[in-house]
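2 protein chains.
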Amino acid sequence: MLNKASVIIPPMKVSELGEFGLINLIRSSSARYENSGRTPWQEILVGIGDDAAAWQSDNHIQLATTDTLVQDIHFDLDVINWDELGWKALAVNLSDIAAMGGIPKYALLSLALPGELEVEDISRFTNSMMHLAREFGVAIVGGNVATAPNVVITVTIIGCSKGKAILKRSTASSGEQIAVTGYLGLSAAGLEMFKGKTISDPEISNILRRAHFKPMPRVKEGQILIEQGVKTAIDISDGLIADLDHICESSKVNAKIKIEQVPVHPVVTANFPNHQELALCGGEDYELLFTADEATIARTKQALNCPVTVIGDITEEKLPTRVTVMDSKENIISCKKGGWEHFKNGVFEVKFA
Amino acid sequence: MLNKASVIIPPMKVSELGEFGLINLIRSSSARYENSGRTPWQEILVGIGDDAAAWQSDNHIQLATTDTLVQDIHFDLDVINWDELGWKALAVNLSDIAAMGGIPKYALLSLALPGELEVEDISRFTNSMMHLAREFGVAIVGGNVATAPNVVITVTIIGCSKGKAILKRSTASSGEQIAVTGYLGLSAAGLEMFKGKTISDPEISNILRRAHFKPMPRVKEGQILIEQGVKTAIDISDGLIADLDHICESSKVNAKIKIEQVPVHPVVTANFPNHQELALCGGEDYELLFTADEATIARTKQALNCPVTVIGDITEEKLPTRVTVMDSKENIISCKKGGWEHFKNGVFEVKFA
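Respectively, the protein sequence lines represent chains A and B.
Residue numbering for the first sequence follows this note's numbering, beginning at 247 and increasing consecutively.
Residue numbering for the second sequence follows this note's numbering, beginning at 247 and increasing consecutively.
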């Protein structure tokens with residue numbers, strides 16, 4: 247028996263500890279019970295704290311990830327429709343597998359629902375989820391249903407590496423470039439629209455809605471990054487700065503990004519005065535953020551069918567924060583902790599000096 | 247594209263469809279998107295509708311299962327403590343792997359929590375879960391935390407077969423005996439105690455509390471069943487009759503059980519006048535219910551370190567229900583659909599004629 251009394255938890259609410267603090271609590275609790283000399287621990291390649299867990303199997307690396315969407319926290323049934331909800335619940339998990347460069351294969355669906363919902367709505371939800379699953383060759387093999395006062399959806403995806411390698415958060419090193427796929431800010435702009443920002447053009451409104459509710463995970467792109475020799479990646483779910491900070495924390499490095507180089511989506515630039523904030527901190531873009539040497543990044547630009555933009559560097563420089571944002575004259579832009587952290591009011595706190 | 251319009255859903259509430267109807271809806275939605283000629287579908291051995299999903303991997307069979315516990319539906323924080331909750335959330339999933347005869351290996355924890363909870367409570371929860379995980383050599387490799395108005399816990403376990411076989415629900419055949427490990431009714435008796443039934447002996451009260459909140463999944467026993475040649479099993483989570491009915495439905499057979507042979511726990515017999523009802527329909531015993539020929543069952547009695555009781559037979563006889571309960575004189579005991587089905591009021595509906 248381990249001495250559990252050795253860990254003293256001061257009186258504190260979950261809201262004070264925050265999401266990342268809570269993850270650390272689970273990780274440290276797990277670490278105390280680990281027995282590194284035995285299976286399955288000795289097979290673990292990536293444990294708590296990356297986009298997906300990874301372990302060595304017979305001939306390849308197994309991947310598993312899970313994500314929960316809670317009604318009125320992650321979605322509002324007055325805004326999102328059931329078709330969109332089914333899509334998004336699976337897409338956010340597929341994106342975690344994409345961030346590991348893996349192949350998603352099997353999914354489990356756990357569904358907690360109020361009894362007064364219409365069966366037709368649940369049918370729309372599952373059909374949309376199955377549709378996306380099929381796009382990526384994923385089989386929904388099981389799950390669980392339960393009654394609940396509000397809708398809670400948990401999707402788990404199990405996948406594997408394509409070859410012998412996976413993308414991790416912890417392998418960035420000094421001198422590497424930082425790059426991102428696609429354009430940023432569209433999903434957060436969609437959220438602003440749902441919160442009341444008027445968008446009169448229905449076509450633009452549709453683009454924003456789709457970006458926020460039906461993101462297309464970069465599964466194929468993640469696999470291509472590995473083929474081209476990239477080792478480090480994350481998907482942008484919490485926001486560019488927050489997710490780059492996750493890479494820096496895991497890799498024990500610093501990063502600087504040039505704000506003018508961040509590829510803000512033109513629809514966002516044209517319609518939202520706070521477009522830089524949306525692109526830097528908005529989150530839920532589900533693009534891939536990755537680091538590699540210059541030659542490797544150049545190869546990914548050739549290999550990928552989507553835009554790849556270099557936005558900064560991993561550096562050994564002493565900087566005020568792990569992730570530092572600069573303008574074109576290398577002036578540091580004050581940028582409070584941004585990104586989307588549950589429990590704490592950390593959303594859109596970024597201030598531009 | 248498949249023609250989704252071909253499936254017409256009549257106006258109906260989720261509560262009218264019921265838990266098993268909802269599972270069928272998901273299964274049929276999945277089936278319409280399956281492409282049986284391609285991976286991963288061709289590798290699936292057991293899909294939606296067993297205790298765990300199973301698919302063929304390189305050298306063995308992979309297993310995955312998930313279960314969600316929702317506050318005020320599955321547990322009441324005024325009754326269960328956090329230590330017990332952490333244990334139970336993992337135990338119910340381990341039991342699903344046990345029912346497949348598998349080895350549990352990796353777990354993912356998805357935790358939705360109100361911010362006002364105490365961190366110390368969550369620490370108790372995770373420590374207890376890790377403790378049980380370690381008992382069975384399971385590594386908690388990842389998961390997810392989110393804020394929510396009520397506590398929702400989803401645990402996913404990924405495991406594998408010990409050899410080349412697994413236990414299924416769908417392989418029972420006529421002429422086989424039906425057997426059960428351990429004693430039944432203790433967990434349901436515990437629930438009755440929490441609902442107000444007075445138990446004055448603190449030792450008995452402790453036994454009931456432990457049975458209901460800290461069940462010990464029959465993981466090792468499931469593996470031994472396979473070694474002895476058993477092919478068909480389920481864990482008793484919904485209740486003996488309901489779970490036997492799941493076997494019968496999957497295997498397209500009928501079953502008859504002798505009520506006097508059902509091993510009611512002596513504590514339940516001594517303290518609860520409705521002990522037979524609790525043992526037949528109470529659920530959450532997490533014992534293993536299995537079928538096999540007489541010689542195989544005899545071997546399991548030798549090999550297992552727990553009681554094994556033969557309670558009836560799989561039969562080709564025409565019987566009034568898929569599962570028929572009889573007394574010692576082969577009089578049929580009227581027994582309405584029992585067991586624990588969400589959404590519908592199917593709990594403890596069994597009537598003894």
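Ideal placement from N, C-alpha and C gives every residue a C-beta, glycine not left out.
Less than 7 Å between C-beta atoms, sequence neighbours within five positions excluded: which residues of the same chain meet that for G388/B? Stepping through the second sequence from its first residue, residue 388/B is reached at position 142. Around G388/B: L354.
Just list the residues that DSSP pairs W333/B with in beta bridges. Reading the second sequence from its first residue, position 87 is the one you call residue 333/B. According to DSSP, W333/B bridges with nothing at all.
List the endpoints of the continuous alpha helix (DSSP H) containing P350/B. The residue given as residue 350/B occupies position 104 in the second sequence. From DSSP, P350/B is part of no alpha helix (DSSP H) but of the beta strand (DSSP E) over G348 to L359.
Does DSSP put H588/A in a helix, a strand or coil? For the purposes of this step, residue 588/A is identified with residue 342 of the first sequence, where counting begins at 1. Note that H588/A has pLDDT 40, beneath the 50 cutoff, so the model's placement of it is unreliable and no number is given.
For W287/B and chain A, any beta-carbon pair shorter than 7 Å? Counting from 1 along the second sequence, the entry for residue 287/B is found at position 41. So, interface residue.
Flag this pair as yes or no: are the beta carbons of L526/A and D489/A separated by less than 7 Å? Within the first sequence, residue 526/A is the residue found at index 280, counting from 1. Within the first sequence, residue 489/A is the residue found at index 243, counting from 1. Taking 7 Å as the Cβ cut-off, L526/A and D489/A do not qualify as a contacting pair.
Hey, is the segment 553-564 of chain A in contact with the segment 500-510 of chain A, meaning 3+ C-beta pairs nearer than 8 Å? yes
Compute the Euclidean distance between the alpha carbons of G361/B and E262/A, then round it to the nearest angstrom. Within the second sequence, residue 361/B is the residue found at index 115, counting from 1. Within the first sequence, residue 262/A is the residue found at index 16, counting from 1. Roughly 8 Å separates the two Cα atoms.
Got a sec: is the Cβ-Cβ distance from T570/B to anything in chain A below 7 Å? Here residue 570/B is taken as the residue at index 324 of the second sequence, counted from 1. Closer than 7 Å: no.
Give, in chain order, every unbroken run of the beta strand (DSSP E) that is at least 3 residues long and sits entirely within the segment 421-460 of chain A. 423-427
Closest residue to A337/B among D318/B, T314/B, D322/B and H511/B (Cα-Cα distance): As a first step, residue 337/B is located in the second sequence; it is residue number 91 there, counting from the start. Of D318/B, T314/B, D322/B and H511/B, the residue nearest in Cα terms is T314/B.
If you follow the alpha helix (DSSP H) that T546/B is part of, which residue opens it and which one closes it? Position 300 of the second sequence, counted from the start, is the residue given in the question as residue 546/B. First-last of the alpha helix (DSSP H) with T546/B: E540 to A549.
Range covered by the beta strand (DSSP E) that runs through G558/B: Here residue 558/B corresponds to residue number 312 of the second sequence, with the count starting at 1. It spans V554 to T561 - the beta strand (DSSP E) in which G558/B sits, taken as one unbroken run.
Report buried or exposed for D322/A, applying the criterion of at least 16 other Cβ atoms within 10 angstroms of its Cβ. As a first step, residue 322/A is located in the first sequence; it is residue number 76 there, counting from the start. So D322/A ends up on the exposed side.
For the segment 271-282 of chain B, which residues have a CB atom closer than 8 Å to at least one CB atom of chain A, in sequence order? L271, I272, S275, S276, R278, Y279, E280 and N281
Could you work out which residue in I368/A, R370/A, E289/A and Y352/A is closest to F382/A when comparing CA atoms only? Within the first sequence, numbered from 1, the residue matching residue 382/A stands at position 136. Comparing Cα positions, the closest option is Y352/A.
Who are the Cβ neighbours of H521/A in its own chain at under 7 Å, not counting the five residues just before and after it? Taking the first sequence and counting its residues from 1, one reaches residue 521/A at position 275. Correct list, in chain order: G431, V510, V514 and T515.
Cβ shell of T555/A (< 7 Å), same chain only, five flanking positions each side left out: Position 309 of the first sequence, counted from the start, is the residue given in the question as residue 555/A. The residues are A425, V426, Q507 and P509.
Going by DSSP, what residue range makes up the beta strand (DSSP E) through N577/B? Against the second sequence, residue 577/B aligns to sequence position 331. Premise fails: N577/B is in no beta strand (DSSP E) and is neither H nor E.
Contacting residues, own chain, Cβ-Cβ under 7 Å from E495/B (five flanking each side not counted): The residue given as residue 495/B occupies position 249 in the second sequence. Here the set comprises R568.
Write down every uninterrupted run of the alpha helix (DSSP H) in the segment 467-491 of chain A whose length is 4 residues or greater and which is fully enclosed by it, in chain order. none
Below 8 Å on the Cβ atoms is my guess for D458/B versus E364/B; work out the distance and round it to an integer in Å. As a position in the second sequence, residue 458/B is number 212, starting the count at 1. As a position in the second sequence, residue 364/B is number 118, starting the count at 1. In the sequence on display, residue 458/B carries His and not Asp. 24 Å between Cβ atoms; not a contact.
Of all the CB atoms in chain A, is at least one closer than 7 Å to the CB of G361/B? Within the second sequence, numbered from 1, the residue matching residue 361/B stands at position 115. True, the Cβ-Cβ gap to chain A drops below 7 Å.
Own chain, CB closer than 6 Å to S374/A, minus 5 neighbours either side, in chain order: Residue numbering aside, residue 374/A sits at position 128 when the first sequence is read from its first letter. The answer, listed in chain order, is D329, G332 and W333.
Beta-carbon of I307/A versus every beta-carbon of chain B: anything under 7 Å? The residue labelled residue 307/A in the question sits at position 61 within the first sequence. I307/A does not count as touching chain B.
As assigned by DSSP and simplified to three states, the class of S416/B: Position 170 of the second sequence, counted from the start, is the residue given in the question as residue 416/B. If DSSP states are grouped into helix, strand and coil, S416/B belongs with coil.
Using C-beta distances below 7 Å, list every residue in its chain close to L437/B, excluding the 5 sequence neighbours before and after it, in chain order. Along the second sequence, one-based indexing puts residue 437/B at 191. Counting only Cβ-Cβ distances below 7 Å, and skipping sequence neighbours, we find H458.
First and last residue of the alpha helix (DSSP H) that includes A300/A? Locating residue 300/A in the first sequence gives position 54, where the first residue counts as 1. A300/A -> not in any alpha helix (DSSP H); beta strand (DSSP E) instead, spanning A299 to Q302.
By Cβ distance, which residues of its chain are closer than 7 Å to T417/A, with the 5 residues on each side in sequence left out? Numbered from 1 along the first sequence, position 171 holds the residue referred to as residue 417/A. Correct list, in chain order: K477, T478 and S497.
Is any beta-carbon of chain A found at less than 7 Å from that of N327/B? The count along the second sequence starts at 1 and reaches residue 327/B at position 81. No, no contact with chain A.
For the candidate residues I557/A, K408/A and A310/A, whose alpha-carbon lies nearest to that of A385/B? In the second sequence, counting from the first residue as 1, residue 385/B sits at position 139. Comparing Cα-Cα distances from A385/B to each of I557/A, K408/A and A310/A, the minimum goes to A310/A.
Under the three-state reduction of DSSP, which class applies to D367/A: helix, strand or coil? Locating residue 367/A in the first sequence gives position 121, where the first residue counts as 1. Reduced to three states, the DSSP call for D367/A is helix.
Check L291/B in the structure and name its three-state DSSP category. Here the question's residue 291/B lines up with position 45 in the second sequence. The answer is strand: DSSP assigns L291/B an E or B state.
Nearest-angstrom Cα distance between M346/A and N517/A? Within the first sequence, residue 346/A is the residue found at index 100, counting from 1. Within the first sequence, residue 517/A is the residue found at index 271, counting from 1. About 33 Å.
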